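Residues in the sequence shown are numbered consecutively from 986, following the numbering used here.
Scroll down for the structure; my scribbles are underneath it.
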Amino acid sequence: MMSKINYSPFLVILFLSACMVGCSKDADENLFESLPASQTGINFTNRLLDKKELNIFNYRNFYNGGGVAIGDVNNDGWADIYVTSNFEENHLYLNKGKNANDQWKFDDVTQTAGVGGAKAWSTGATFADVNGDGLMDIYVCNAGNIKGDSRGNELFINQGIGPDGVPKFADKAVEYGLLDGGFSTHAAFFDYDRDGDLDMYLLNNSFTPVDKLQYQNFRKYRDPLGGHKLFRNETISTTSSKLTPKPVVNDSASMTKPVFTDVSEEAGIYGSLIAFGLGITIGDVNEDNWPDIYISNDFYERDYLYINQRNGTFKESLEESMNHISLSSMGADIADINNDGLLDIFVTDMLPRDDKRLKTTSVFEGYELTEFKIKQDYWHQYMRNMLHLNQGNQSAVQSLQSAVQTSSFKEVGQMAGVHATDWSWGALIFDMDNDGQKDLFVANGIVKNLTDQDYVAFLSDQKNIQAMIEGRMQFDYRKFVDMISTTPISNFAFRNKGQLQFEDKAMAWGLGEPNFSNGAAYGDLDNDGDLDLVVSNNNAPLGVFRNQSVEKLKTHFLRVKLKGNAKNPHAIGAKVYIYQKGQTQYLQQMPNRGFQSSSDLNLVFGLGTNPRIDSLTVVWPDDKMQSFKHLKGDVELTLNHADAKDLWKLPAASTIKAPFNDITNTSGLDFKHEENDFVDYNRDGLLKQMYSTQGPALAIGDINGDGLDDAYIGGGAGKRRALFMQQPNGNFVETSKATFASPAIADETAATFFDADGDKDLDLYVVTGGNEFMTGEEILADKLYLNDGKGSFSLSKGLPTVFENGSCVAVADYDRDGDLDLFVGSRMISGQYGLSPRSYLLQNNGKGNFKDVTKETMSNNQLGMVTDARFEDLNKDGYPELIAVGDWMPIMILQNRKGNFPQSQNIPIKNSNGWWNALEAADVDGDGDTDFIVGNLGRNTKLQCSETQPAELYINDFDRNGSVEQIITCYNPDGKTYPMVLKPDLQKVLPVIKKRFVRHEEYGGKPIDAIFSREQMEGVQKRVVYQSNSSLLINNGKGAFTLQSLPLAAQYSPIFGIVTTDYDKDGKTDILLTGNFFDVLPEMGRYDANDGLVLRGLGKDKNGLPQFATVKPAQSGFLVKGQVRKMRKARGTNGKELIILAKNKDKVQVVGLNQ
């Protein structure tokens, strides 16, 4: 039987009347109307009352603010509001609907309802029907450190609704076992064990001073006051007072009541004193219909991702699922932000977007500290918001039904432009403009700039410290508090534009007034089909914002009300999917979101301009399922669990064999690349990444003529290198040990097999480099090894004396004299990053002796910071052109004029300046000429650029001390460009900065020409980058090329490995892409979002350009972890195609293509 569908008449009338209102040019201007207390009756301010016994100097969380809960507490169909206060009484406001003038009206019923609270410092608020009686209850978390306060949380159980329409509540925290008494931040009620009732996770925040812990890892030691806790809901008979075995047979609320038992330890929940919990968010992230938990921890403890094991326990799986996380994690939300049917996770931190605030209030952790923290098991943490995009289970071999799966996430916050929102708290993912795309709201602000670097310097000044010790300076808390600067900050409202692109619309939408905002919640307060917003502010009135999307934008909507079972009447955990013309929207019923807040339990789907819904599916928490077809919008739909007849089942494991499979363990190619201990930043203090970790080299070729490809893998300086010969059985065996047994002298960064001496076998050229070795040192000499025809090699003396920091090598008979010549590229001059190194053209005399002919043939051409190169005959004249790419340089095509490359014939591709890493030639579009696939840095980076707002690199010896410094500048959202270096970091390298800018306030917000004098800027060399997309370079066959960005998934991380194939045998070129780069400063954050990408060729679009479909590892079998520096195809036995991947500081991986 179909569930009852309530097409509320007032909603239809409301929508029709809204459609009659005309649209303005900027229809979304003031999309949210700020409603004053004089209109709504909500007169609330969370006042922070600094006192001697409680202030920021003796209570760390003094400015964390209050929470908001939205829900219907009196069952009248209108969502009510509850807000917490730190110092004063909490308040409950009953929603009275709208008056004749369409104005909202709320009544303050705090006293009548009895929910003001008796504790000193309230934090989080949660609405939940805890006892399953059909009435909304309120759980209030309390913390603080106030003498005489008993602390402990409050559970206000709804006793029923009086004749005046006001519910009455009684505190039953002790009776229900939920008093706790710790330093609580928030609580979430959900059915983790799926026994039908609501359990509770309590988020506490350790009171231990952070500096006393010294990064000690006490994760496995429980702390009763600061540790997190999981409480299981037991049901006790009110007649016998004995525990009733589960499942509960008698569902009568009048006969039973919940009693909660702490099961944290047995359930696998950490509860230590280093758990500085600030955010709890629940959602089914691995799509098995069991609720999982994400915990945001402040300070140095990492976050927790608990995957429900379906047996009453959780497995903490963060490091397995996420490559890096926020450092000072605050609020969080879980929702499907890109409409792919998977729940994503957004976490807030405290990275400012404004340049002046960044440079006056921020300091980044140093490289050594982060390395130490990783050794202490605190994972990779960076100071910025994180948007973790759910990729689902990535394994193609595990059965979905055999075991609990762990989802994998790719962090894309910088690509999305949502990574920097200042000191942020509440994070909410919801459709703010009803267009069918979920947007992001971020609540911001801290009453005092606690990290003001000038104030920090004052506190840490030894003279001031000594004066206090000697009594010459008295500590007056009021005086010291008043000395801290204060800066109200605008909240952010990021409109989702699709394709992971977001635009801050806070100002335009009426949400941008600077304030000190903390908790926030959403709900359809006026029942008009769009989601309104309530924001708690410190020392300012509660923000109540009316969403006018339906009225102003003429959007359609669907409201969904869920009726669950007796003990979970609101169906917490249920999932609702709607489908419209190929688009899916997905909401999970889980009110706890953001920071210390819970949102309304009525689900609202924005439908944009399309009022028709093709189908809707609801999956209930117990796996029952219902589906409906051909629904209309602009209504309220009530779904009842009792009507569900179908059963949802976990998808069965695919029987289709993945095209690729990992054969590393059986290949015999056992090699792990190692690096030495050189740290670039210790010598070159302004670098943002290491340039001494560019290896390993990888060369593939048949060295013994048996038709099977063999492999050479280069070593790091002083580390192992090896040559492997493939055997007839397909296994690789290390060979030529006499030659390659000794460690590599310098970093081996590139290598190639080619016939150097014309004896019909493959010799080996190895490029050496490494930023730790200075240009001109003999240790940087490349190596040529000659093959005896049987796979044994000996060192040749046929190379000229070239001692450069090399990066790549390309082979061709450029002069058509019958032998193979070499181009050897260099990325940088060691210790002088940014200056152009020399690259070389080496001419072969036919016998394997090479001569440097760069000056004669290339006009001593300094191409730039070359990272890769290829020879290809693009104009079909028999003389191959040289195509080179590099760091801070355009894609260069050097025309070959019968063995010469005149500088005047160099063709840079217009506006192609990038951070290019790799280059591969292929006929991508199938038109018979050579195109190129070019690997770039990608867009998921702090280094943002465009043609109109390029990134810039300034290189100079600014202080004339003989050393070269590098300053990167990038544009800010304010349209101005600023140096990407904090004052302390710059003055370590250039002490003159400290004299010129004594205070951080003087340094912040300055462009580069205001930081350096005209004299210091003399001699500056400048490089620019216009685009960071990994791309196709499409050849039109007439000498012109078009740069086409690869699909979005190719921009998540730097691309270093490129291979083309036709794995599905459809005649269209497919592309494999790998990469990542970890050796960057914490302020940049490691690039780690490529786990092996397959782009399946689809042919050409209507414009004649090649198009591709992204294939995830679970479907392709091509799963690659780590930092791939080189990737090559190899011929295996029986014509099998192998992919060999050489990784920095990791084992070589071998992937086979299934026949």
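Heads up, the beta-carbon is just placed ideally off N, CA and C, and yes, glycines get one too.
Small disclaimer: the values here were computed from a predicted structure and weren't measured.
Three-way DSSP call (helix, strand, coil) for residue i in this model
i     : result
F1788 : strand
I1648 : coil
N1293 : strand
D1118 : coil
W1633 : coil
Q1144 : strand
P2098 : helix
S1534 : helix
D1994 : helix
W1494 : helix
G1050 : coil
F1443 : helix
S2015 : coil
K1464 : helix
M2143 : The question about residue 2143 has no answer, for the chain in this structure spans 986 to 2140.
Y1666 : helix
H1076 : strand
H1404 : coil
Spatial distance of residue i from residue j (CA atoms)
i     : j     : result
S1237 : F1613 : Legend: pLDDT at S1237 = 42, less than 50; position of this residue unreliable, value from coordinates given subsequently. Spanning the two alpha carbons is a distance of roughly 31 Å.
M2144 : T1266 : The structure shown does not extend to residue 2144, since the chain is modelled only from 986 to 2140, so the question has no answer here.
K2085 : L1922 : 26 Å
A2094 : L2080 : 6 Å
Y1750 : F1739 : 8 Å
K1539 : K1423 : 17 Å
E2000 : D1942 : 11 Å
D2131 : E1719 : 18 Å
V1529 : I1221 : 40 Å
G1833 : L1769 : 9 Å
D1872 : A1442 : 38 Å
L1164 : D1208 : 16 Å
F2041 : M1575 : 41 Å
S1821 : G2117 : 40 Å
R2113 : G1899 : 23 Å
K1227 : F1245 : Low local confidence applies: a pLDDT of 36 at K1227 is under 50, so the model's placement there is unreliable, and no value is given.
A1055 : D1065 : The residue asked about is misnamed: residue 1055 is Ile in this sequence, not Ala. About 6 Å.
Y1200 : A1735 : 40 Å
G1743 : I2125 : 27 Å
Q1383 : S1652 : Bear in mind that the predicted position of Q1383 carries a pLDDT of just 49, short of 50, making it unreliable; the figure below should be weighed with that in mind. Near 21 Å, if we compare the C-alpha coordinates of S1652 and Q1383.
V1520 : L1527 : 6 Å
K1358 : N1282 : 15 Å
E1950 : I1414 : 42 Å
Short CB-CB distance (under 8 Å) between residue i and chain B
i     : result
N1522 : Absent here is chain B; the protein component of the structure consists of one chain.
Assumed close pair residue i, residue j - CB separation to whole angstroms, cut-off 8 Å
i     : j     : result
N1271 : I1254 : At roughly 18 Å, the Cβ-Cβ gap does not stay under 8 Å, so N1271 and I1254 are not in contact.
G1102 : N1075 : 4 Å
F1426 : L1518 : 7 Å
Best match in the options for proximity to residue i [C-alpha to C-alpha]
i     : options                    : result
H1365 : A1735, P2067, G2107        : P2067
N1524 : K1433, G1990, Q1484        : K1433
G1162 : P1152, N1116, D1134, L1827 : N1116
T1436 : A1854, G1316, R1342        : R1342
N1040 : R1463, G1579, F1501, V1966 : R1463
D1798 : Y1825, N1829, N1790        : N1829
E965  : M1759, A1260, L1683, K1358 : Because the chain in this structure spans residues 986 to 2140, residue 965 falls outside the shown range and cannot be described.
M2069 : H1404, N1218, Y1285, E1905 : H1404
H2143 : P1596, T1623, P1606, A1629 : The question about residue 2143 has no answer here: the residues shown for the chain are numbered 986 through 2140.
Report task. Give a yes or no on contact between the region 1130 to 1149 and the region 1027 to 1046, applying the rule of three or more CB pairs nearer than 8 Å. Result -> yes
Query raised in the report: Can we say the region 1314 to 1324 touches the region 1561 to 1581, given the rule of at least three CB pairs closer than 8 Å?
Result: yes
Query raised in the report: Counting pairs of Cβ atoms below 8 Å between the region 1576 to 1596 and the region 1501 to 1517, do you hit three or more?
Result: yes
Report task. Determine, using beta-carbon pairs with one atom in the region 1661 to 1679 and one in the region 1705 to 1721, whether at least three such pairs fall under 8 Å. Result -> no
Query raised in the report: Quick one: any contact between the region 2011 to 2027 and the region 1896 to 1912, if contact means 3 or more CB pairs under 8 Å?
Result: yes
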